[in-house]
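See structure below.
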Amino acid sequence: MSDVTRILTAIEQGDPQAADKLLPLVYDELRKLAAHRMAGESAAQTLQPTALVHEAWLRLVGKETPKFANRAHFFAAAAESMRRILIDTARRKRALRHGGGQQRVDLEKVDLASAADEDQLLAVNDALDKLAAQSKSESELVKLRYFVGMTLEEASDALGISARTADNYWAHARAWLFHELKVKKG
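Put into structure tokens, the structure is as follows:
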């Protein structure tokens with residue numbers, strides 16, 4: 081019977097100090113497990129293996145007296161805990177990235193450049209200048225759509241880009257302009 085198994089048995093029997101003895105024995109293995117789990121995550125993942133180990137540890141032994149049959153059962157539970165933490169983190173980020181809690185606005189129906197509203201026209205022009213500094217192609221596409229009145233297909237032909245590229249540029253430019261105009265107003 082290994083030290084880990086003995087300590088797991090002590091934890092199951094309610095020994096309050098047993099968990100403190102267990103962590104130093106399994107920390108390196110948990111850290112390797114966490115690093116392995118996170119190797120497949122995207123580069124944008126902000127959770128570090130050490131933080132993942134600590135969060136998993138708290139979930140495993142934090143609230144109630146855990147029951148682990150043996151060492152393998154403990155590490156399987158640790159792996160599952162890490163998986164759930166990573167999934168929860170991904171869901172939280174995805175909800176924020178996709179506008180969690182924000183209201184959707186259809187920019188096709190928003191008149192960005194109304195001739196009757198000079199202030200708004202100037203704001204759009206300033207925003208387009210800023211957009212041009214980041215992406216001249218997107219800025220040109222917006223100018224053709226709003227100021228010339230071209231359709232997306234006509235604008236893509238005029239710029240010599242594919243319809244799919246024009247659609248991607250258009251989607252990004254609309255979102256960028258909406259944000260820029262909203263910030264300028266507020």
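Just so we're aligned, residue 81 is where the sequence shown starts under this note's numbering, counting upward by one. All residues carry an ideal CB built from backbone N, CA and C; glycine is no exception. Note that the coordinates shown come from a computational prediction; the quantities given were computed from them, not determined experimentally.
Report task. Count the C-beta pairs between the region 161–171 and the region 127–142 that are closer than 8 Å, then say yes if the count reaches three, no if not. Result -> Verdict: yes, contact present.
Query - Distance CB(L202)-CB(W256) smaller than 9 Å - result: no
Query raised in the report: Can you tell me whether DSSP reads A93 as helix, strand or coil?
Result: Correcting the residue identity first, residue 93 is Gln in this sequence and not Ala. In this structure, Q93 counts as coil in the three-state DSSP scheme.
**Report entry** Counted within 10 angstroms of its Cβ, other Cβ atoms place R163 as buried (16 or more) or exposed
**Finding:** exposed
Report task. For K112, collect the residues of the same chain with a Cβ closer than 6 Å to its Cβ; drop the 5 residues on either side in sequence, then sort them by chain order. Result -> none
Report task. Under the assumption that V141 contacts A99 (Cβ atoms under 8 Å), give the Cβ distance between them as a whole number of angstroms. Result -> At roughly 5 Å, the Cβ-Cβ gap stays under 8 Å, so V141 and A99 are in contact.
Query - Boundaries of the alpha helix (DSSP H) in which I129 is found, first to last residue - result: Before going on, a small fix: residue 129 reads as Pro here, not Ile. Where P129 is concerned, the enclosing alpha helix (DSSP H) stretches over P129 to V141.
Query raised in the report: Whose CA, out of A90, A207, R225 and T85, lies closest to the CA of H153?
Result: T85
Requested in this report: Could you give the DSSP three-state label for T169: helix, strand or coil?
Outcome: helix
Requested in this report: Whole angstroms is fine: what's the gap from Q97's alpha carbon to D83's?
Outcome: 14 Å
Report task. Determine the burial state of D197: buried for a count of at least 16 other Cβ atoms within 10 Å of its Cβ, exposed for fewer. Result -> Caution applies to D197, whose pLDDT of 48 falls short of 50 and renders its modelled position unreliable; the model cannot decide the point.
Query raised in the report: From what residue to what residue does the alpha helix (DSSP H) around A149 run?
Result: Note, A149: premise wrong, no alpha helix (DSSP H); not H, not E.
Query raised in the report: Tell me which same chain residues have a C-beta within less than 6 Å of the C-beta of K147, skipping the five on either side of it?
Result: Within the same chain, K147 has close Cβ partners E92.
**Report entry** Residue burial classification, V222 (beta-carbon count within 10 angstroms, cutoff 16)
**Finding:** buried
Report task. Take E234 and list the residues in its own chain whose beta-carbon comes closer than 8 Å to its own, dropping the five residues that flank it on each side. Result -> L224
Requested in this report: For T85, name the three-state secondary structure that DSSP assigns.
Outcome: helix
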